[in-house]
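In my numbering, the protein residues as written are 438 to 592.
Following: one structure in structure tokens, then a few remarks.
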Ligand code: SF4
């Protein structure tokens, strides 16, 4: 939550004066979804943030993002640096929460390494597939066959 927009804007301005790109994560909830255009307008046009990443909460807790599908798509057309996470992308492109026609990116084009060396297909999986004991073990992850997921168990 942006509790002090002015201060936030000043911090962004400072970082940008150092030549940095500034992005922010926007966790979706009913208020953000209802007012998505306003949030985007303020972040992109007033605060001058470079990139905004929409994140669907996991667990979704009944949040019906599909109801706002066209609004999310319209905003992503209007602001080209508005991005969505993979789960949200699946939900809005496949128009459903499960039985996706195409698998998500779980362990496909990236994988997650936990602080203790635990490897899983994405950071939401608490059950690690295996652990790195030494740096070269990272090569094992390259060849590891992660299960394909056609539904997100964390939504
Ligand atoms: S399983 Fe992981 S990668 Fe796949 S949609 Fe869910 S959170 Fe994203």
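Glycine included, each C-beta is placed from N, C-alpha and C at the ideal position.
From a predicted model like this one, the values you see are computed outputs, not experimental measurements.
Status (buried if at least 16 other CB within 10 Å, exposed otherwise) for residue 592: buried
Any 3 or more C-beta pairs closer than 8 angstroms across the stretch 501-513 and the stretch 453-464: no
Residue nearest to residue 548 in terms of C-alpha spacing, selected from 562, 538, 537: 562
Check: residue 527 C-beta below 7 angstroms from any heavy atom of the ligand SF4: yes
Minimum C-alpha distance to residue 488 - residue among 576, 530, 520: 520
Closer than 7 angstroms: residue 520 CB and nearest the ligand SF4 heavy atom: no
Assumed close pair residue 540, residue 524 - CB separation to whole angstroms, cut-off 8 angstroms: No, residue 540 and residue 524 are not in contact; Cβ-Cβ is about 12 angstroms, not under 8 angstroms.
Range of the contiguous alpha helix (DSSP H) that encloses residue 449: 442-454
Residues bridged to residue 505 [DSSP beta-bridge criterion]: In DSSP, residue 505 forms no bridge with anything.
Rounded separation between residue 574 and residue 518 - CA only: 36 angstroms
Proximity test, residue 552 beta-carbon vs the ligand SF4 heavy atom, cut-off 7 angstroms: no
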